[in-house]
Amino acid sequence: MLTTTTATTGTQPSLPPLGLADVIFPSSADWQGEGGSTLFSRILGDLKRANLSVANRLRSIRHDASFVAGVASELNNLPLVANERCGGWYIDPAALTQRKKASAYFKSTDGHTGQWKFSTRRLNLNLLEVVARDGGCIIVDSTRRGKRMPDSLSKTVPVWCCVLNRALFPENPECHALHVPPNVVSDSEKSQMEARLPEFLKSFQALDIDLAPLQKQLTKPLRPLWIAPPQDDDDHNGGGLSRLVVDKVSEKFYPVVCCTASSRRVGAGAEELSGTGYVQGAGDDTENWALGLTAQIFWQHADELLDTPDSDLPDLIKRLVVEFEAGEANAVSELRSVVRPYLFVGTLSAGRAALQERNTCVVTLSSSSSSAVMATAATATATATEPESSWIKSPFHMEVALGRSKAASRMLRQALPQICEFVSRYLMTAATYPEENKNVAIVCDSGRDLSVGVALAVYCWCFDASGNLFGSSDDAKAKRGPFIKTAIRVKLGQIMTAVPDANPSRATLQSVNSFLMGWRI
Numbered sequence: 001m002l003t004t005t006t007a008t009t010g011t012q013p014s015l016p017p018l019g020l021a022d023v024i025f026p027s028s029a030d031w032q033g034e035g036g037s038t039l040f041s042r043i044l045g046d047l048k049r050a051n052l053s054v055a056n057r058l059r060s061i062r063h064d065a066s067f068v069a070g071v072a073s074e075l076n077n078l079p080l081v082a083n084e085r086c087g088g089w090y091i092d093p094a095a096l097t098q099r100k101k102a103s104a105y106f107k108s109t110d111g112h113t114g115q116w117k118f119s120t121r122r123l124n125l126n127l128l129e130v131v132a133r134d135g136g137c138i139i140v141d142s143t144r145r146g147k148r149m150p151d152s153l154s155k156t157v158p159v160w161c162c163v164l165n166r167a168l169f170p171e172n173p174e175c176h177a178l179h180v181p182p183n184v185v186s187d188s189e190k191s192q193m194e195a196r197l198p199e200f201l202k203s204f205q206a207l208d209i210d211l212a213p214l215q216k217q218l219t220k221p222l223r224p225l226w227i228a229p230p231q232d233d234d235d236h237n238g239g240g241l242s243r244l245v246v247d248k249v250s251e252k253f254y255p256v257v258c259c260t261a262s263s264r265r266v267g268a269g270a271e272e273l274s275g276t277g278y279v280q281g282a283g284d285d286t287e288n289w290a291l292g293l294t295a296q297i298f299w300q301h302a303d304e305l306l307d308t309p310d311s312d313l314p315d316l317i318k319r320l321v322v323e324f325e326a327g328e329a330n331a332v333s334e335l336r337s338v339v340r341p342y343l344f345v346g347t348l349s350a351g352r353a354a355l356q357e358r359n360t361c362v363v364t365l366s367s368s369s370s371s372a373v374m375a376t377a378a379t380a381t382a383t384a385t386e387p388e389s390s391w392i393k394s395p396f397h398m399e400v401a402l403g404r405s406k407a408a409s410r411m412l413r414q415a416l417p418q419i420c421e422f423v424s425r426y427l428m429t430a431a432t433y434p435e436e437n438k439n440v441a442i443v444c445d446s447g448r449d450l451s452v453g454v455a456l457a458v459y460c461w462c463f464d465a466s467g468n469l470f471g472s473s474d475d476a477k478a479k480r481g482p483f484i485k486t487a488i489r490v491k492l493g494q495i496m497t498a499v500p501d502a503n504p505s506r507a508t509l510q511s512v513n514s515f516l517m518g519w520r521i
């Protein structure tokens, strides 16, 4: 039995932890700093920065990973699923060999109060195969200071389970109820969420996804359950869960266990004054602290990183990241089919390999630091400042340097007309040789964001609703007609079904919609 209560020892009564409000400060002017700030506020700020150091974060991550390992041991028939971006930090591959089976993308923003949402661009349908095969799953995530569990686990996942239950088991109203953790979500908020469920179901059904394969996969509905570490203000079982409970639920449902990895720290300054150096939700917001370190690199070198003095960590991390990226540049991953038999997406390394194959057109979406990956294909690197004419390297290869992150999504909007026309010309030529298979590979750094967005644009631009290639150029223009959001969403749903771990960003999809809906015959 996993429990989240903290035992006391001896005969002394347990005392509640001290908070910032319990500390008495002098009111002397000596404590007044420049600009009206107090000396204490500056000291507390220094303590906070020290507490949030990279070293403390990494130690906290390993501490929390031990809790996740305990959950996995107790519920040993269920696979672990990392809720990206930070869930993967809490799964130690060495302790849990072969236990991580998938990644998911349940955003906390889709569960914020008043902003509840069922995401049609993050369907997470890949989890259904894992759940059906292994009898359920454990979704791992964390949250930052002050919250008991992330909204992704307390609200986004429950809505997902409920909507899919209603879609896949319409004749079984007993499984249509919304289940949320009672200690976290109030009855009032739950009622408001329930009122939105018909709207969420309608948005999923509008994607026109073939449900028959999913219904064949799942023989039982989904049921979310929750577990969390001990909370420093708990006077009750804050989320304990036993194998017995899961087994009982499994009789009628597939258990979807929502595991919060981090312990809650309550009150302003609680972490700073505790002296432990513990950071709740240490794996979150990695762009602000990780220096390029990823969960994969961390667990490969965890002992070395945790034994290194704080002052030496930045140099060590830089070296490990460079070594890892060099190895990744030489690795070859597979392309994944989006529209058979023509359209594929993948990473830059998969694109490099595809350039060596016959009858394959490659569109490379590179960043300034990753374009060297394609150098072995004897192509010059296009930069964001080069003229568009330089993007075309050959009749079979186009390379567009978009940069990184949101800037890349904005650049994509300008590049999509040229990309779609390039692919269209290639496919028109290929259609005159039906005896030869012609493929289009669209690749980017991750193989899940920009490449998926471009694949969606090409899918709409070059193929009809059934996935058939448009004919001649004039015929294609006539058949395209005006693009509408519903049709674009349907094709996005088909792509997300074909490539379940695809995760196109909001900015990427906005660029695609802007291009398609702004097009006129």
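Heads up: the sequence shown at position 408 corresponds to 408 in full-length UniProt numbering, and the numbers run straight through without jumps.
For every residue, glycine included, the Cβ atom is placed at its ideal position computed from N, Cα and C.
7 Å Cβ shell around A167 - same chain, five flanking residues per side excluded
Start at 1 with the first residue of the sequence shown, and residue 167 comes out as number 167. L201, F204, Q205 and L211.
Among A72, R404 and E84, whose alpha-carbon lies nearest the alpha-carbon of A228?
Translated into positions along the sequence shown, residue 228 becomes position 228. Comparing Cα-Cα distances from A228 to each of A72, R404 and E84, the minimum goes to A72.
Given S333, which residues of its chain have a CB within under 8 Å of its CB, disregarding the five upstream and five downstream residues?
Indexing the sequence shown from 1 puts residue 333 at position 333. Cβ within range, chain order: G346, T347, S349, A350 and G447.
Quick check on the burial criterion: 16 or more other C-beta atoms within 10 angstroms. Buried or exposed for I495?
Start at 1 with the first residue of the sequence shown, and residue 495 comes out as number 495. Classification for I495: buried.
Under 8 Å between the Cβ atoms of L456 and L492?
On the sequence shown, position 456 is the one that residue 456 refers to. On the sequence shown, position 492 is the one that residue 492 refers to. Going by C-beta atoms, L456 is nearer than 8 Å to L492.
Restricting to runs no shorter than 3 residues, where is the beta strand (DSSP E) found entirely within the stretch 90-125?
You should have 100-104.
What is the residue span of the beta strand (DSSP E) that E399 lies within?
Against the sequence shown, residue 399 aligns to sequence position 399. From DSSP, the beta strand (DSSP E) with E399 extends over H397 to A401.
Of the listed residues D449, V423, C462 and M428, nearest to S409 (C-alpha basis):
Within the sequence shown, the letter at position 409 stands for residue 409. When only C-alpha atoms are compared, the closest one is D449.
In chain order, what residues of the same chain lie with their CB nearer than 7 Å to the CB of V373, ignoring the 5 residues before and after it?
As a position in the sequence shown, residue 373 is number 373, starting the count at 1. Because the pLDDT of V373 is 39, which lies under 50, any placement of that residue in the model is unreliable, and the number read from its coordinates should be weighed accordingly. Result list for V373: A329, L348, S349 and R352, in chain order.
Go to N165, then tell me how far its alpha helix (DSSP H) extends in each direction, as first and last residue.
Within the sequence shown, numbered from 1, the residue matching residue 165 stands at position 165. Unbroken alpha helix (DSSP H) run through N165: V157 to L168.
Pop quiz: W226 and C258 are said to be a contact at Cβ under 8 Å. What is the actual Cβ separation, rounded to whole angstroms?
For the purposes of this step, residue 226 is identified with residue 226 of the sequence shown, where counting begins at 1. For the purposes of this step, residue 258 is identified with residue 258 of the sequence shown, where counting begins at 1. Confirmed, Cβ separation roughly 5 Å.
Rounding to the nearest angstrom, what Cα-Cα distance links R425 and G453 in this structure?
The residue given as residue 425 occupies position 425 in the sequence shown. The residue given as residue 453 occupies position 453 in the sequence shown. Near 19 Å, if we compare the C-alpha coordinates of G453 and R425.
Could you give the C-beta distance for residue 576 and A104, rounded to a whole number, given that I count them as a contact under 8 Å?
The shown model of the chain, from 1 to 521, leaves out residue 576, and the question about it has no answer.
Quick one: is N165 buried, meaning 16 or more other Cβ sit within 10 Å of its Cβ, or exposed?
Here residue 165 is taken as the residue at index 165 of the sequence shown, counted from 1. The residue in question, N165, is buried, as its Cβ has 16 or more Cβ neighbours within 10 Å.
Can you give the Cα-Cα distance for A326 and E189, rounded to whole angstroms?
Here residue 326 corresponds to residue number 326 of the sequence shown, with the count starting at 1. Here residue 189 corresponds to residue number 189 of the sequence shown, with the count starting at 1. Rounded to whole angstroms, A326 to E189 spans 49 Å at the Cα level.
Along the chain, where does the alpha helix (DSSP H) that runs through W299 open and close?
In the sequence shown, the residue the question calls residue 299 occupies position 299. In this chain, the alpha helix (DSSP H) harbouring W299 covers A295 to Q300.
Roughly how many angstroms separate the alpha carbons of H112 and D151, rounded to a whole number?
What you label residue 112 is simply residue 112 of the sequence shown in a count that begins at 1. What you label residue 151 is simply residue 151 of the sequence shown in a count that begins at 1. Computed Cα separation, rounded: 6 Å.
Is DSSP giving A261 helix, strand or coil here?
What you label residue 261 is simply residue 261 of the sequence shown in a count that begins at 1. Here A261 sits in coil by DSSP.
Going by DSSP in three states, G447 sits in which element: helix, strand or coil?
As a first step, residue 447 is located in the sequence shown; it is residue number 447 there, counting from the start. Note: G447 maps to coil in three-state DSSP.
Exposed or buried, which one is T429 when buried takes at least 16 other CB atoms within 10 Å?
Along the sequence shown, read from residue 1 onward, the residue named residue 429 stands at position 429. Its Cβ having fewer than 16 others within 10 Å, T429 is exposed.
Indicate the three-state DSSP secondary structure (helix, strand or coil) for N468 in the structure shown.
The sequence position of residue 468 within the sequence shown is 468, counting from 1. Reduced to three states, the DSSP call for N468 is coil.
Using the DSSP secondary-structure output, state which residues sit across from L365 in a beta bridge.
For the purposes of this step, residue 365 is taken as the residue at position 365 of the sequence shown. Note: L365 is bridge-paired with V400 in the DSSP secondary-structure output.
Using the Cβ count rule (16 or more neighbours within 10 Å means buried), how would you classify P173?
In the sequence shown, residue 173 corresponds to position 173, counting from 1. Residue environment analysis places P173 among the exposed positions, since fewer than 16 neighbouring C-beta atoms fall within 10 angstroms of its C-beta.
A102 and A69 look like a contact to me (Cβ under 8 Å); what is the Cβ gap, rounded to whole Å?
As a working mapping, residue 102 is identified with position 102 in the sequence shown. As a working mapping, residue 69 is identified with position 69 in the sequence shown. A69 and A102 do not touch by the CB rule: their CB atoms are close to 18 Å apart, not below 8 Å.
Report the residue from A282, L127, A82 and S505 whose alpha carbon sits nearest the alpha carbon of E56.
What you label residue 56 is simply residue 56 of the sequence shown in a count that begins at 1. The amino acid occupying residue 56 in the given sequence is Asn; Glu does not appear at that position. By alpha-carbon distance to N56, the top candidate from A282, L127, A82 and S505 is A282.
Classify I209 as buried or exposed, calling it buried when 16 or more other Cβ atoms lie within 10 Å of its own Cβ.
Here residue 209 refers to the residue found at position 209 of the sequence shown. So I209 counts as buried.
How long is the line joining the alpha carbons of N513 and F67, rounded to whole angstroms?
Your numbering for residue 513 matches position 513 in the sequence shown. Your numbering for residue 67 matches position 67 in the sequence shown. Straight-line Cα distance between these residues: approximately 43 Å.
Helix, strand or coil for G135? Go by DSSP, reduced to three states.
Translated into the one-based positions of the sequence shown, residue 135 becomes position 135. Three-state DSSP puts G135 in coil, outside helix and strand.
What first and last residue would you give for the beta strand (DSSP E) that runs through L343?
Along the sequence shown, one-based indexing puts residue 343 at 343. From DSSP, the beta strand (DSSP E) with L343 extends over L343 to T347.
Distance check for R223 and L306, CA to CA, integer angstroms please.
Against the sequence shown, residue 306 aligns to sequence position 306. Against the sequence shown, residue 223 aligns to sequence position 223. In a straight line, the C-alpha of L306 is about 38 Å away from that of R223.
At the level of alpha carbons, what is the spacing between S369 and G403?
As a first step, residue 369 is located in the sequence shown; it is residue number 369 there, counting from the start. As a first step, residue 403 is located in the sequence shown; it is residue number 403 there, counting from the start. In this prediction, S369 has a pLDDT of 40, which is less than 50 and means its spatial position is unreliable; what the coordinates show is noted afterwards. Going by the C-alpha atoms only, they are around 8 Å apart.
Is the beta carbon of Q217 sitting closer than 8 Å to the one on A132?
Reading the sequence shown from its first residue, position 217 is the one you call residue 217. Reading the sequence shown from its first residue, position 132 is the one you call residue 132. Closer than 8 Å, so yes.
Check whether the Cβ atoms of L125 and T497 lie closer than 8 Å to each other.
The count along the sequence shown starts at 1 and reaches residue 125 at position 125. The count along the sequence shown starts at 1 and reaches residue 497 at position 497. Less than 8 Å divides the Cβ of L125 from the Cβ of T497.
Report yes if the C-beta distance between V400 and V423 is below 8 Å; otherwise report no.
Residue mapping note: residue 400 aligns to position 400 of the sequence shown, counting from 1. Residue mapping note: residue 423 aligns to position 423 of the sequence shown, counting from 1. Cβ atoms of V400 and V423: not closer than 8 Å.
Note down the Cα distance separating Q414 from S511, rounded to an integer number of angstroms.
Within the sequence shown, the letter at position 414 stands for residue 414. Within the sequence shown, the letter at position 511 stands for residue 511. Spanning the two alpha carbons is a distance of roughly 9 Å.
CA-to-CA distance, R122 to D284, given in whole angstroms
What you label residue 284 is simply residue 284 of the sequence shown in a count that begins at 1. What you label residue 122 is simply residue 122 of the sequence shown in a count that begins at 1. Going from the Cα of D284 to the Cα of R122 covers about 19 Å.
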